[in-house]
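This report concerns only the one structure given below.
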Amino acid sequence: MATGEDDGPGPYAGKASKRSHHGQRRGSDRCDDDALTVLGTENWNGARIVLQQGQYASMPQTPNGSLILSYLNQAKQNNQGELALSSGGGTPQFLPVPALIQMLSLTVNNWQANNIKVTNTSLAPATPIMVQAFGPGIVGAVPGPLPLNQAITLGVTQAAQGTSQPRSMLLRFVASTGNLSIVGIVGGPPSQQGDTNAYVIAINSPTGETGPDTGNPPPPGYYATTGSNRYDFQFNWSSATVYVVNLSPIAAATMSATMIAL
């Protein structure tokens with residue numbers, strides 16, 4: 128995954144792995160705690176949930192591997208949103224959730240089987256934030272089959288999972304329209320950049336060509352982007368479980384995914 132410091136809200140306001148961090152806000156910027164009506168969802172399984180101001184969701188145990196955490200500001204007004212993300216007894220990270228942008232912000236990390244808790248700490252009350260987690264074994268997004276050499280269709284937030292062969296393989300993703308589409312891949316050994324093995328790719332991206340072999344760094348939280356309606360991801364992970372998920376904006380169309388043995 129791409130890593131780096133937060134560049135501020137933008138068309139790809141995501142975070143990549145635990146190397147990204149946010150300082151705590153000054154006291155003058157904080158909400159009065161008494162103004163927050165704290166309502167929590169314990170034993171959250173990663174399923175889509177909408178958090179109002181002050182509400183939280185707590186996952187008791189994450190995988191000891193990559194997990195994709197997605198979040199979307201659903202405010203109808205131009206209200207900048209914010210999530211506090213914490214794990215174990217660590218200091219929370221404050222994640223900006225931009226207003227009026229109909230695409231998912233993303234944090235990809237390996238929390239090493241620890242718990243995570245996300246809390247809506249937005250300043251304005253009318254700032255609901257949708258949160259959903261994705262990865263192999265996450266109950267909230269049960270994957271369908273990902274067969275070899277056969278295209279499948281993935282709707283928004285739909286996932287699929289299959290097993291690669293011990294040879295060179297190709298994952299091909301094709302958007303059905305010219306709309307921005309986003310796909311997440313989890314599988315294989317940890318990347319050279321850290322202990323994650325997840326890759327997020329934007330198709331039909333206004334950013335154009337970024338990522339490996341392009342000479343252009345991808346946006347924070349992303350492995351690559353392309354201005355085309357197709358992206359080919361080549362890999363050789365021996366016989367490994369491969370998980371893919373459509374992380375496109377809510378109004379986007381479907382995409383096809385094919386796992387091809389080369």
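When we follow the working numbering, the leftmost residue of the sequence shown carries the number 128, and every step to the right adds one.
For every residue, glycine included, the Cβ atom is placed at its ideal position computed from N, Cα and C.
Note that the coordinates shown come from a computational prediction; the quantities given were computed from them, not determined experimentally.
Give me whichever residues DSSP pairs with residue i in a beta bridge.
i: residue 299; result: 359, 385
i: residue 344; result: The partner list for residue 344 (beta bridge, DSSP) is empty, contrary to what the question assumes.
i: residue 257; result: 177, 199
i: residue 422; result: Examination of residue 422 is not possible in this model, given that the chain is present from 128 through 389 alone.
i: residue 351; result: 328
i: residue 184; result: 168, 245
i: residue 233; result: 197
i: residue 271; result: 287
i: residue 337; result: 352
Please report the straight-line C-alpha distance between residue i and residue j, rounded to a whole angstrom.
i: residue 370; j: residue 253; result: 35 angstroms
i: residue 331; j: residue 204; result: 27 angstroms
i: residue 277; j: residue 287; result: 12 angstroms
i: residue 313; j: residue 350; result: 12 angstroms
i: residue 183; j: residue 166; result: 7 angstroms
i: residue 345; j: residue 222; result: 19 angstroms
i: residue 160; j: residue 202; result: Residue confidence is low: residue 160 scores 44 on pLDDT, short of 50, so the model does not pin down where it sits. Its coordinate-derived value is still stated next. Each residue's alpha carbon lies about 21 angstroms from the other.
i: residue 379; j: residue 360; result: 21 angstroms
i: residue 299; j: residue 273; result: 12 angstroms
i: residue 215; j: residue 389; result: 43 angstroms
i: residue 175; j: residue 266; result: 11 angstroms
i: residue 295; j: residue 364; result: 8 angstroms
i: residue 242; j: residue 189; result: 6 angstroms
i: residue 91; j: residue 185; result: Any question about residue 91 goes unanswered here, given that the chain covers just 128 to 389.
i: residue 157; j: residue 249; result: Here the model assigns residue 157 a pLDDT of 45, short of 50, so the residue's position is not dependable, and the following value carries that caveat. Rounded to whole angstroms, residue 157 to residue 249 spans 9 angstroms at the Cα level.
i: residue 246; j: residue 240; result: 19 angstroms
i: residue 347; j: residue 178; result: 24 angstroms
i: residue 195; j: residue 322; result: 13 angstroms
i: residue 337; j: residue 261; result: 24 angstroms
i: residue 257; j: residue 224; result: 10 angstroms
i: residue 259; j: residue 198; result: 6 angstroms
i: residue 343; j: residue 333; result: 14 angstroms
i: residue 263; j: residue 282; result: 17 angstroms
i: residue 329; j: residue 335; result: 9 angstroms
i: residue 162; j: residue 293; result: In this prediction, residue 162 has a pLDDT of 43, which is less than 50 and means its spatial position is unreliable; what the coordinates show is noted afterwards. Cα to Cα, residue 162 sits roughly 56 angstroms from residue 293.
i: residue 340; j: residue 268; result: 32 angstroms
i: residue 218; j: residue 386; result: 40 angstroms
i: residue 220; j: residue 212; result: 5 angstroms
i: residue 229; j: residue 310; result: 15 angstroms
Among the candidates the options, whose CA atom is the shortest distance from the CA of residue i?
i: residue 375; options: 359, 352, 388, 361; result: 352
i: residue 191; options: 177, 228, 324; result: 324
i: residue 390; options: 264, 285, 315; result: Beyond the ends of the chain as shown, which are 128 and 389, falls residue 390; an answer cannot be given.
i: residue 251; options: 185, 297, 181, 233; result: 181
i: residue 381; options: 355, 279, 318; result: 279
i: residue 237; options: 317, 383, 337, 342; result: 317
i: residue 232; options: 219, 304, 208; result: 208
i: residue 227; options: 264, 212, 200, 303; result: 200
i: residue 357; options: 368, 306, 348, 347; result: 306
i: residue 327; options: 210, 193, 172; result: 193
i: residue 302; options: 197, 211, 373, 171; result: 373
i: residue 187; options: 171, 198, 304; result: 171
i: residue 384; options: 234, 354, 229, 285; result: 285
i: residue 291; options: 368, 210, 212, 206; result: 368
i: residue 362; options: 297, 311, 275, 255; result: 297
i: residue 308; options: 275, 289, 234, 354; result: 354
Give the range of the beta strand (DSSP E) segment to which residue i is assigned.
i: residue 373; result: 368 to 373
i: residue 291; result: Per DSSP, residue 291 belongs to no beta strand (DSSP E) and is neither H nor E.
i: residue 169; result: It is not in any beta strand (DSSP E) - residue 169 carries neither H nor E in the DSSP assignment.
i: residue 209; result: 208 to 213
i: residue 279; result: 279 to 281
i: residue 224; result: 220 to 224
At a Cβ threshold of 8 angstroms, is residue i touching chain B?
i: residue 291; result: Among the chains in the structure shown there is no chain B, since it carries only a single protein chain.
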